[in-house]
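Input: a single structure, listed below in structure tokens.
The following block contains the structure:
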């Protein structure tokens, strides 16, 4: 029985390789011949875990509606699935070719210009194109046609010398209104002005005095937000002007031009790319702006809306399904020229793309976890190259790999070294917790930080307190036997959430009420340890009972709307102290904040990741940048047990270049990016013994493969296998192999070998996933 390697993807789970029998897939592109004599044959990317695209015949009755990017229904074996038309088939399989069954949406979801990008993504991340399209394009799983709305305008006979006689007063009012407006009006809007106008409009249409027209209509995510078109009133400082001129020069060449815009916090980076966007639109080109989080996306989109009106579309997962699909269709139909969105907006249909902005380009949220493991920043660079566009990577703390490429000359470097606000960068002080323990027990807030908060409140200013851990207590354990209360489905400790009176797993959502006795030894000596934002908020309210306090994390703001409300209240001065996780650290402008306190700076520093130092520096530098953005100088107090660590030494001076030098020296010695490429190979399933056995078998096969390719011996390293940092996740045991490669070709060779070597036992529950350029190694 012939077989093909497929990718099997659960709806919300990882992508896994399985070996599946090939029974009725005659449309596979193998044993092919050129298709020049068969213009009715089209290439289709089907929504199945299949590496190949398929070839289908378009029946004559469907050909008028078929265009690249249309969603279609096709047969595969005995099933009927959806897929997207990619264009006329370049090759024809020597097999029976089936017909496309239906064109489900005559309005294409993307144009021919995006097909090369989809092919690159599928190849680079080793992921089936049809699965990628079905997950990334809104409305793929529930096909529906575009909504239409009836509009009315003056008809062809309205200007006749001898208009129809005996027009009633309401008919004359309607005609006068249309003449005064001078443009078509939606019937829905007409009914608000003339409640009983529909019968009159129909009579006027019969007389040729008005005409009806059906237009596409789209849901507007800005409908509840008031905005007035405004011209920028700010005067750019010289460094901003230089950056705008450099970007304008790149736009004028109409070719791929990558830039790194590196500016300290509050240096006016947003104004620079807003000015560049205006120049791109003036050239008749389109603009795409990416931001890492929904809480940042909406205010930036509103600012673009104020500058450019309804030419702006918004794309992120916080919108309803219909809103996302309508915004996507607006772009595909050419009704909007600017797309502002989160990670997946990188695939938005913009055929005349001239400018791509990736704001906070260092943020790990640009890497998609689960499903297609793409890095939106990297995809943006490839898309810019294919479109001949300017790509601007924006950050106050660039990713080490990005800064390295800028230093190597791959990106043009633009620097904004000073703030445009009245105050300079805040003063950063390190609080050595070894010297400020404050007596018995663990103090959450040290004496120096508490004194600074008190002084800030007395001066009528605001304080921001950062702790990147949710919950009340991070672990609960037994003092008698030492047993941890762990999740039943994951190898992690349960976190106590006091308000909910629950112990909750932050990985799978499993929860239980706090037990009165230890489940292992029945002792009542249960101890809570660790600090989360919920406990932090309680301590703040205890110390400063008169202060107006809020907490911002995924528990208090599970939706983007609630997060925006808290951020707006804080920015407006309606709160005194904001306690939060990384949701409060970047991109927000709080002019009243003069104090930032970091509660546990060591938390991320010793995480089992090669880039733990980078993430710590970026996170703390970003949160430090929230201080002193108004008329009063800011200060930042960082609590740490490791004040001598180079991350904190460079952070104290906010010296990114010095941090970069120390970090890259370590990575060069150990062989980590940007000096190597990584692929994380993970074997997961049950039982644990079989998982570890398959992982060892796979690693041994990779190591045996290397000597057979002499060019790989010095360019490829196989590390592991070893249990993952979270060894058990959602009832599945996980082992992993890390592949280090000097260059991409050796990595591809290793991954192709994995496809051939992967042969789990029949009917096993063991899967294999491969993550190219992983963001996490645990």
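Residue numbers (this note's numbering): 1335 to 2112. Note that beta-carbon positions come from the ideal geometry of N, C-alpha and C, so glycine has one too.
* Buried or exposed (CB count within 10 angstroms, at least 16 for buried), residue 1403 -> buried
* Please classify residue 1671: does DSSP put it in a helix, a strand, or coil? => coil
* Asked: Does DSSP classify residue 1916 as helix, strand or coil?
  -> helix
* To do: Take residue 1433 as the anchor and find which of 1995, 1375, 1382, 1465 has the nearest alpha-carbon.
  => 1375
* What is the C-beta distance between residue 1731 and residue 1955, in whole angstroms, given that I count them as a contact (C-beta under 8 Å)? -> 5 Å
* To do: Could you spell out the range, first to last residue, of the alpha helix (DSSP H) harbouring residue 2059?
  => First-last for residue 2059: 2050-2063, but that is the beta strand (DSSP E), not the alpha helix (DSSP H).
* Do residue 1811 and residue 1914 have their C-beta atoms closer together than 8 Å? -> no
* **For residue 1420, the residue or residues it bridges with in DSSP** => Note: residue 1420 sits in no beta bridge, so no partner.
* Any chance the region 1897-1915 sits against the region 1841-1850, with 3 or more Cβ pairs inside 8 Å? -> no
* To do: Less than 8 Å between the CB atoms is what I'm expecting for residue 1458 and residue 2106, so what's the real figure, rounded?
  => 7 Å
* Asked: Whose C-alpha, out of 1707, 1841, 1870, 1750, is nearest the C-alpha of residue 1777?
  -> 1870
* The alpha helix (DSSP H) spanning residue 1662 covers which residue range? -> 1655-1666
* Per DSSP, what kind of secondary structure is residue 1796 in: helix, strand or coil? -> strand
* To do: Just mark residue 2004 as buried or exposed, buried being the case when its beta carbon has 16 or more other beta carbons within 10 Å.
  => exposed
* Asked: Would residue 1450 pass as a contact of residue 1720 if the rule is Cβ separation under 8 Å?
  -> yes
* Output yes or no for whether 8 Å exceeds the beta carbon distance between residue 1791 and residue 1881. => yes
* Contacting residues, own chain, Cβ-Cβ under 6 Å from residue 1357 (five flanking each side not counted) -> Residue placement at residue 1357 is poorly supported in this model, since its pLDDT is 31, which falls under 50; the coordinates are not used for a value here.
* Asked: Looking at C-alpha atoms only, which residue of 1895, 1507, 1502, 1549 is the closest neighbour of residue 1518?
  -> 1549
* Asked: What are the complete alpha helix (DSSP H) segments, minimum 4 residues, inside the region 1596-1630?
  -> 1603-1616
* Please say whether residue 1619 and residue 1689 have beta carbons closer to each other than 8 Å? => yes
* To do: Measure the Cβ-Cβ separation of residue 1679 and residue 1649 and say whether it is below 8 Å.
  => yes
* residue 1816 versus residue 2069 - alpha carbon distance -> 27 Å
* **Three-state class that DSSP yields for residue 1944 in the structure shown** => coil
* Continuous beta strand (DSSP E) stretch holding residue 1425: start and end -> 1425-1427
* **Which of helix, strand or coil DSSP assigns to residue 1861** => strand
* Nearest neighbour of residue 1580, chosen from 1465, 1643, 1746, 1983 [CA to CA] -> 1746
* In this structure, does DSSP put residue 1363 in helix, strand or coil? -> Note on residue 1363: pLDDT 43, under 50, position unreliable in the model; the coordinate value appears next. Coil, per DSSP.
* The beta strand (DSSP E) with residue 1887 in it runs from where to where? -> Residue 1887 -> no beta strand (DSSP E), and no H or E assigned at all.
* To do: Could you pull the start and end residues of the alpha helix (DSSP H) that residue 1937 belongs to?
  => Careful: residue 1937 lies outside any alpha helix (DSSP H) and carries neither H nor E.
* What does a CB cutoff of less than 6 Å around residue 1280 pick up in its chain, not counting 5 residues either side in sequence? -> Residue 1280 lies beyond the residue range present for the chain, which begins at 1335 and ends at 2112; the question has no answer from this structure.
* Does the distance from the C-beta atom of residue 1534 to that of residue 1504 stay below 8 Å? -> yes
* Asked: DSSP on residue 1386, reduced to helix/strand/coil?
  -> coil
* Within 8 Å, strictly: CB atoms of residue 2025 and residue 2015 -> no
* To do: Assign residue 1707 to one of three DSSP states: helix, strand, or coil.
  => coil
* Asked: Going straight from the alpha carbon of residue 1974 to that of residue 1769, what length do you get?
  -> 10 Å
* Asked: With a CB to CB cut of under 6 Å and the five nearest residues on each side skipped, what residues in its chain are close to residue 1994?
  -> 1737
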